[in-house]
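Below: the structure, in structure tokens.
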Amino acid sequence: MRSVTEIADAIIAREGGYVNDPDDPGGATNFGVTIHTMRGLGMDLTGDGKVTPKDVRRLSREQARDILVTRYFHAPRIARLPVEIQAQVFDMYVNAGRGAVRILQRLLGNMGHAVTVDGVIGAQTALASQKAQAQAPDYFADAYAIERRNFYYRLADKRPASRKYARRNDGGKGGWILRAEALMSEKYHLSDAQHRERVAAWA
Numbered sequence: 155m156r157s158v159t160e161i162a163d164a165i166i167a168r169e170g171g172y173v174n175d176p177d178d179p180g181g182a183t184n185f186g187v188t189i190h191t192m193r194g195l196g197m198d199l200t201g202d203g204k205v206t207p208k209d210v211r212r213l214s215r216e217q218a219r220d221i222l223v224t225r226y227f228h229a230p231r232i233a234r235l236p237v238e239i240q241a242q243v244f245d246m247y248v249n250a251g252r253g254a255v256r257i258l259q260r261l262l263g264n265m266g267h268a269v270t271v272d273g274v275i276g277a278q279t280a281l282a283s284q285k286a287q288a289q290a291p292d293y294f295a296d297a298y299a300i301e302r303r304n305f306y307y308r309l310a311d312k313r314p315a316s317r318k319y320a321r322r323n324d325g326g327k328g329g330w331i332l333r334a335e336a337l338m339s340e341k342y343h344l345s346d347a348q349h350r351e352r353v354a355a356w357a
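Numbering of the sequence shown is given in the numbering used here, commencing with residue 155 and proceeding in unit increments.
Here it is in structure tokens:
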């Protein structure tokens, strides 16, 4: 089993380095850490009294790893979930915050477990997740990944500016879809034709 640090390093590799895309609500981001997170932590790395994209550029891989492990794994209590889904929920939490947990909670509800969809991993969600893993040990993690992929498609349906993250310029799978499928059994990957059919309605 991979350690939390190893999972964080894999997330950093998927996130890549510094980007500041005006279509991304997260703003300037480096190694998966947004400027909003750095402002919340008061990370004025340039020493000019404010946190700007320049500070985001200066963020080191080691600093980013510490932030991801502390704020996006330990703080939301992902360790309370079955180990089989921890890497996926961790990765999605970096990408979508509490939305990652809401996806899980809605999945649990669909599997017959009564949970409140509040984006918080409390005792109820932790116990239901353990039961769901025991209920479907060969499928639960993939079910989460599929729900995550569906979340990305639906988000792009609603927000045209985000479609470039789900579909490349040539029509193939964008980064969001590839990210979800990277943690999914290959048998559940969409074919290129299935992906193109899913996004055909987009302008």
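For each residue, glycine too, the CB sits at the ideal point set by N, CA and C.
Tell me, to the nearest whole angstrom, how far the beta carbon of residue i is from that of residue j; I am working on the premise that it is less than 8 Å.
i	j	result
residue 235	residue 283	5 Å
residue 241	residue 352	Actually they are not in contact, since the Cβ atoms of residue 241 and residue 352 sit about 25 Å apart, beyond 8 Å.
residue 269	residue 278	5 Å
residue 316	residue 177	7 Å
residue 184	residue 171	6 Å
residue 186	residue 160	In fact, because the Cβ distance is near 15 Å, the residues do not count as touching under 8 Å.
residue 198	residue 209	6 Å
residue 337	residue 245	7 Å
residue 303	residue 257	Not really, about 10 Å apart at Cβ, beyond 8 Å.
residue 255	residue 273	5 Å
residue 328	residue 320	4 Å
residue 191	residue 225	7 Å
residue 295	residue 238	5 Å
residue 275	residue 230	6 Å
Tell me, which residues are paired with residue i by DSSP?
i	result
residue 285	Answer is none; residue 285 lacks a bridge partner.
residue 327	321
residue 173	183
Just verifying my parser: in three-state terms, what is the DSSP assignment at residue i?
i	result
residue 343	coil
residue 316	helix
residue 337	coil
residue 352	helix
residue 162	helix
residue 167	helix
residue 357	coil
residue 225	helix
Margin query: For a minimum of 4 consecutive residues, which ranges assigned as the alpha helix (DSSP H) are wholly contained in the stretch 175 to 219?
Written below: 189 to 195, 207 to 212
Note to self: Report the start-end ranges of each alpha helix (DSSP H) in the stretch 232 to 308 that is 4 residues or longer and not cut off at the edges.
What the structure shows: Runs of the alpha helix (DSSP H) spanning 4 or more residues and lying entirely within the stretch 232 to 308 occur at 237 to 250, 253 to 264, 277 to 289, in chain order.
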